[in-house]
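Counting from 246, one number per residue, gives the positions in the sequence shown under my numbering.
Just so it is clear, CB atoms sit at the ideal spot from N, CA and C, and this is done for glycine as well.
Beneath this line is the structure, given in structure tokens, with notes to follow.
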Amino acid sequence: MPFDWMHPKRAPQQADADRRQHERAIAERARLFFNLGYSEADATRRIEEALRWEFDPGLPSFFGEVSGLVGAEYRRARGTGKN
């Protein structure tokens, strides 16, 4: 007879939850670099380098969007964007 604790009820995983978490992390890193006075280009380069290291030997599917995510965060930080 199986016990209830052997079959926990879990919420179903959302397919894009991992991607959203990484997008939030990129935005947080971009905001940190903005606050530290880094240029948008330097922040993008550093974040891309960190992702290359984190996902060695491959790259994540959202890697090509890093520049856009950093740019959106920099616009938001400057108060010039609605993202």
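Which one of I292, H267, E268 has the shortest CA to CA distance from F279? I292
Which residue spans inside the region 287-325 form an unbroken beta strand (DSSP E) run of at least 3? none
R265 CB to nearest heavy atom of the ligand FMN below 8 Å: Absence of the ligand FMN is noted for the structure shown, with no ligands found whatsoever.
Span separating the alpha-carbon of Q266 from that of A286: 22 Å
Let me know the secondary structure DSSP gives A256 once reduced to three states. coil
Please name the residue in A256, R264, F248, L277 whose C-alpha comes closest to that of S306. R264
Residue nearest to E299 in terms of C-alpha spacing, selected from T325, I271, G282, L277: I271
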